[in-house]
Amino acid sequence: MKLKQIRVDGYKNLINCVVNLGDFNVLVGPNNSGKSNLLEALHVLGLIAFGSPEDRKSILRGHTPLRRIGFSISHLVEHKDKPITVGITFEKVVDDILWVGDYAVTIRCAPSEDAKGTIVSETLKGKPYGRKGPATKHISRKKEQFSILTRSGGKRQHRITQDNSSLSALPSLYADPQELPPELVEFYYAVRWLARTPIFALSPSELRREIDKDTPIGDFWVSGFDLGLVLDNIKEEGTYYELFTESMCDMVAIENIHLHVEVKKAPSKKAESNGTEKRIRCIIVERRGDSPSLIEEYSDGTLVIAAILAALCFKKRRGPILCLEELETCLHPAALEKLLRFLRGHSDKWPVLITTHSPYLLNCVNPEDVNVAVVDETGAVTFKKVRNTKQLRDYLKSGFMSFGDMLASNFEDVLGK
Numbered sequence: 001m002k003l004k005q006i007r008v009d010g011y012k013n014l015i016n017c018v019v020n021l022g023d024f025n026v027l028v029g030p031n032n033s034g035k036s037n038l039l040e041a042l043h044v045l046g047l048i049a050f051g052s053p054e055d056r057k058s059i060l061r062g063h064t065p066l067r068r069i070g071f072s073i074s075h076l077v078e079h080k081d082k083p084i085t086v087g088i089t090f091e092k093v094v095d096d097i098l099w100v101g102d103y104a105v106t107i108r109c110a111p112s113e114d115a116k117g118t119i120v121s122e123t124l125k126g127k128p129y130g131r132k133g134p135a136t137k138h139i140s141r142k143k144e145q146f147s148i149l150t151r152s153g154g155k156r157q158h159r160i161t162q163d164n165s166s167l168s169a170l171p172s173l174y175a176d177p178q179e180l181p182p183e184l185v186e187f188y189y190a191v192r193w194l195a196r197t198p199i200f201a202l203s204p205s206e207l208r209r210e211i212d213k214d215t216p217i218g219d220f221w222v223s224g225f226d227l228g229l230v231l232d233n234i235k236e237e238g239t240y241y242e243l244f245t246e247s248m249c250d251m252v253a254i255e256n257i258h259l260h261v262e263v264k265k266a267p268s269k270k271a272e273s274n275g276t277e278k279r280i281r282c283i284i285v286e287r288r289g290d291s292p293s294l295i296e297e298y299s300d301g302t303l304v305i306a307a308i309l310a311a312l313c314f315k316k317r318r319g320p321i322l323c324l325e326e327l328e329t330c331l332h333p334a335a336l337e338k339l340l341r342f343l344r345g346h347s348d349k350w351p352v353l354i355t356t357h358s359p360y361l362l363n364c365v366n367p368e369d370v371n372v373a374v375v376d377e378t379g380a381v382t383f384k385k386v387r388n389t390k391q392l393r394d395y396l397k398s399g400f401m402s403f404g405d406m407l408a409s410n411f412e413d414v415l416g417k
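Reminder that position 289 of the sequence shown reads as 289 in the numbering used here, one-by-one numbering, no gaps.
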């Protein structure tokens, strides 16, 4: 599955936002312009579609996803009480045919704690890539009524409560997936996979704190995880461990990095004779002229790069795209440039979506990879893609300003030209 488009309307300050995605993507914009809100809106979609009843109840009351403080309803005076719509377009191969799928959901949040928010509409549709004409509606929902396309080509009607999503109801309504078109089943799992895409806003202090805590990569916003645990899993998977170690050595100029594991008997609380085994993991780094040391003794940037590479190489990581908040944090420019080269080189297999405030980072990417958050006079935010026009190329050739320097003016001289 590849995520090709994110659409958000009415979530916080995002109004009629459409962001088209390739394999390598960069989001820029001023502080508080809505870059994180765009990523957070994916979690709203996921929780509405597949969250627990408590999750959906919280979202429909206007709260932001899990552990995030605040309200998801529009912050803007001109758009007060506007419904929230979140949609995605994706590509998915089904029986050797490339399909383009699309899922969108609209909700109206409760105006008060005593009222109930509702799911207003849902659509899930798709068509084979390149086929002309409109997409086939596999699921179409208005308030409590929704219709679904069956394998025979007919439509069945169902009723569900307005605080439940059609995708959540699907397994109980159709326990046998053979009743449904194969592409619909695959679309269902594609949206479910997207639903818990982690967003990495990595903190060196959190990464150090989670060492040897057996903390996996979580859902939603991830500031830290047990790097040894994930690297242990990567080594067990056997596919990308060497890629991880070789890339680490190249990016942070070390001689070697490897995982050392000891299995020890840990006495149980019930009886020492019923002890359980605990894996003690140490990530050992070797640098020329130094004795081997634990990775936590190295710099913040070394930890952050290790965490990014581990998240990328971990086959069981959820989500179709690696979302990285402020990639440049703690990184030396040379390491940042190498990391960007690695991410771009592997983006066909592992698509990435990066937010940044770094002019240096922008000088390392192609202009057409960049989407800019633009705030209008009402405070509403949309995203515009930078176009690699002749005018832009001539402007850069003049030598007065680099591409990254344009970030200070939010690319106002080149957007849409």
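Glycine residues also receive a C-beta, built at the ideal position from the N, C-alpha and C atoms.
Given the structure is predicted, the values throughout are model-derived calculations rather than measurements.
- Per DSSP, reduced to three states, the secondary structure at residue 129 is coil, with no helix or strand assignment.
- For residue 104, the uninterrupted beta strand (DSSP E) run begins and ends at 97-108, by DSSP.
- Counting C-beta atoms within 10 angstroms of its own C-beta, residue 333 has fewer than 16 neighbours from the protein chains shown and is therefore classed as exposed.
- In the DSSP annotation of this structure, the continuous segment of the beta strand (DSSP E) that includes residue 91 starts and ends at 84-94.
- Contact annotation, residue 315 with residue 215: C-beta distance approximately 19 Å; criterion of less than 8 Å not satisfied.
- Secondary structure at residue 155: strand, using DSSP grouped into helix, strand and coil.
- Around the beta carbon of residue 234, 16 or more other beta carbons sit within 10 angstroms, so the residue counts as buried.
- In the three-state DSSP reduction, residue 350 falls in the coil class, being neither helix nor strand.
- With at least 16 other beta carbons inside 10 angstroms of its own, residue 321 counts as buried.
- The Cβ atoms of residue 298 and residue 252 sit closer than 9 Å to each other.
- For residue 136, same chain residues with a beta-carbon under 8 Å away, outside a window of 5 residues either side, are 125, 126, 127, 149 in chain order.
- For residue 403, the number of other beta carbons within 10 angstroms of its own is at least 16, and it is reported as buried.
- Here residue 366 carries a coil assignment [DSSP, helix/strand/coil].
- By the Cβ neighbour-count rule, residue 260 is exposed, with fewer than 16 other Cβ atoms within 10 Å of its own.
- Under the three-state reduction of DSSP, residue 195 is assigned to helix.
- A direct Cα-to-Cα measurement between residue 370 and residue 287 gives close to 36 Å.
- Just measuring C-alpha positions, the residue of 291, 87, 264, 293 sitting nearest residue 279 is 264.
- Annotated three-state conformation of residue 342 is helix, per DSSP.
- Assignment of residue 332 by DSSP, reduced to helix, strand and coil, places it in the coil class.
- Looking from the CA of residue 121, the closest CA among 104, 129, 130, 134 belongs to 104.
- Residue range 35-50 is occupied by the alpha helix (DSSP H) that includes residue 50.
- Contact holds between the region 204-212 and the region 303-315, because three or more Cβ pairs, one in each stretch, are under 8 Å apart.
- Between the alpha carbons of residue 407 and residue 342 lies a gap of roughly 23 Å.
- Taking C-beta atoms as the reference points, residue 64 and residue 72 count as a pair closer than 9 Å.
- Cβ neighbours of residue 17 within its own chain (closer than 6 Å, five residues either side excluded): 8, 382, 383.
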